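Under our numbering, the first residue of the sequence shown carries the number 3, and numbering increases by one thereafter.
Yeah, the Cβ is synthetic: ideal placement off N, Cα and C, and Gly gets one too.
Remember, it's a predicted structure, so these values are computed and weren't measured experimentally.
Below is one structure, written out as structure tokens; the observations come after it.
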Amino acid sequence: MQANAIVFQQPQSLDLGALALPAMGAEDVLVKVEYTGISTGTERLLWEGTMPTFPGMGYPLVPGYETVGRVVAAGEKSTVGVGERVYVPGSQCFQDARNLFGGSASRLVVPAARAMPMAESLAERGVLFALAATAHHAHSAPGTRQPDLIVGHGVLGRMIARLAVLAGHTPVVWDTNPARRGGAVGYEVIDPASDTRRNYQCICDVSGVSSLLDDLISRLAPGGEVVLAGFYEAPLSFVFPPAFMREARIRIAAQWSPPDLAAVIAMAGDGRLSLDGLVTHQHEATDADVAYRTAFGDADCLKMILDWRHIA
3 MQANAIVFQQ
13 PQSLDLGALA
23 LPAMGAEDVL
33 VKVEYTGIST
43 GTERLLWEGT
53 MPTFPGMGYP
63 LVPGYETVGR
73 VVAAGEKSTV
83 GVGERVYVPG
93 SQCFQDARNL
103 FGGSASRLVV
113 PAARAMPMAE
123 SLAERGVLFA
133 LAATAHHAHS
143 APGTRQPDLI
153 VGHGVLGRMI
163 ARLAVLAGHT
173 PVVWDTNPAR
183 RGGAVGYEVI
193 DPASDTRRNY
203 QCICDVSGVS
213 SLLDDLISRL
223 APGGEVVLAG
233 FYEAPLSFVF
243 PPAFMREARI
253 RIAAQWSPPD
263 LAAVIAMAGD
273 GRLSLDGLVT
283 HQHEATDADV
293 AYRTAFGDAD
303 CLKMILDWRH
313 IA
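In structure tokens form, the structure reads like this:
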């Protein structure tokens, strides 16, 4: 078997080409992909060639960990049935390119445990599950607390804010781009230059801007916490005395764990968590080069998805 896949041959150079798929095992499924999302965090760094040392790093590579598709074949021990619409958070099924993260292709062979059934009605919005799970991991997982300030109103910032509102909180969100201050429901988005508050208990930064840390620490109440939920290509540092005076805490939130993903799939499926208004751009997978450049270069693009339904 073969699949057509996005292959980053080197930074800012991609092909859509055929790669071999492995034979299916008894616990595997074959997924016909419908949609994949383009990540403006880690995938941007892979595209630009600025990704720090990362397990499996190297070119050529198949990117993508935001895949929605339908199971078209299942091994005899599979726990997922043929015909089910599923979310797949990446794969390791390609031998002729590195799988980082291996999800942007027309077909995937994956263990059934990585093909998570989802509500039919969510369709292309299912590509947002990884970001929703990342948001859940940062502030809704056991032992974490909700933020009262979120820095950045992209998709991840909006997800964190929506989960905070569901939990009964009213966060403030900063964004320097006036065009990105719309779309808030149950919370306020403001220009950080207009904010004089310096008693935030929990600040979540999803901007990925490493130079912000000193300013964020200066906005904390004593004993407050800064959560780093973005992905940072440059080293982070901070001036010690202000952090010392506040007895500040700094926490790094990883992307997500399987319970986070299961939680947000359930919340979106029963309507508690809205995924509306976040997918703003869509291209056929055959136009992937244009789609990637738009996703990373157009400030109006919150989320770009690729449509694979017409590709074998």
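C-alpha gap between residue i and residue j, whole angstroms
| i | j | result |
| --- | --- | --- |
| residue 111 | residue 159 | 32 Å |
| residue 186 | residue 25 | 46 Å |
| residue 154 | residue 78 | 46 Å |
| residue 221 | residue 196 | 13 Å |
| residue 233 | residue 43 | 6 Å |
| residue 41 | residue 189 | 25 Å |
| residue 92 | residue 106 | 8 Å |
| residue 275 | residue 251 | 29 Å |
| residue 206 | residue 145 | 15 Å |
| residue 305 | residue 175 | 19 Å |
| residue 289 | residue 54 | 28 Å |
| residue 141 | residue 130 | 17 Å |
| residue 121 | residue 273 | 10 Å |
| residue 262 | residue 143 | 7 Å |
| residue 125 | residue 265 | 18 Å |
| residue 312 | residue 204 | 45 Å |
| residue 109 | residue 256 | 28 Å |
| residue 123 | residue 86 | 12 Å |
| residue 65 | residue 22 | 16 Å |
| residue 286 | residue 307 | 8 Å |
| residue 71 | residue 15 | 26 Å |
| residue 61 | residue 11 | 6 Å |
| residue 296 | residue 46 | 11 Å |
DSSP bridge partner residues for residue i (one or two, in chain order)
| i | result |
| --- | --- |
| residue 298 | For residue 298, which the question treats as bridged, DSSP gives no partner whatsoever. |
| residue 90 | 69 |
| residue 211 | Answer is none; residue 211 lacks a bridge partner. |
| residue 192 | 176 |
| residue 76 | 31 |
| residue 219 | Beta-bridge pairing links residue 219 to no other residue. |
| residue 234 | Per DSSP, none; premise fails for residue 234. |
| residue 100 | 63 |
| residue 22 | 4 |
| residue 95 | Residue 95 is not bridged to any residue. |
Continuous alpha helix (DSSP H) stretch holding residue i: start and end
| i | result |
| --- | --- |
| residue 244 | 242-248 |
| residue 261 | 260-271 |
| residue 157 | 157-168 |
Residue span of the beta strand (DSSP E) that contains residue i, given as start and end
| i | result |
| --- | --- |
| residue 312 | From DSSP, residue 312 is part of no beta strand (DSSP E); its letter is neither H nor E. |
| residue 62 | Neither: residue 62 is in no beta strand (DSSP E) and is coded neither H nor E. |
| residue 284 | 283-286 |
| residue 110 | 109-113 |
| residue 253 | 251-254 |
CA nearest to the CA of residue i, picked from the options
| i | options | result |
| --- | --- | --- |
| residue 98 | 8, 89, 209 and 307 | 8 |
| residue 135 | 15, 161, 281 and 149 | 161 |
| residue 179 | 302, 39 and 69 | 302 |
| residue 212 | 237, 203 and 194 | 237 |
| residue 138 | 6, 184 and 267 | 267 |
| residue 20 | 4, 11, 131 and 34 | 4 |
| residue 80 | 291, 201 and 115 | 115 |
| residue 104 | 47, 63 and 84 | 63 |
| residue 281 | 156, 56 and 57 | 156 |
| residue 13 | 84, 198, 52 and 128 | 52 |
| residue 230 | 224, 214 and 200 | 214 |
Residue i (DSSP reduced to helix, strand or coil)
| i | result |
| --- | --- |
| residue 49 | helix |
| residue 82 | coil |
| residue 316 | Residue 316 falls outside the range modelled here, since the chain spans only 3 to 314, and no answer is possible. |
| residue 173 | coil |
| residue 150 | coil |
| residue 38 | strand |
| residue 228 | strand |
| residue 119 | strand |
| residue 15 | strand |
| residue 291 | helix |
| residue 332 | Nothing can be reported for residue 332: it is not among the residues displayed for the chain, which extend from 3 to 314. |
| residue 182 | helix |
Cutoff 8 Å: residue i Cβ touching any chain C Cβ
| i | result |
| --- | --- |
| residue 46 | In the structure shown, chain C does not exist; there is a single protein chain. |
Proximity test, residue i beta-carbon vs the ligand ADP heavy atom, cut-off 7 Å
| i | result |
| --- | --- |
| residue 110 | This structure lacks the ligand ADP; in fact it carries no ligand of any kind. |
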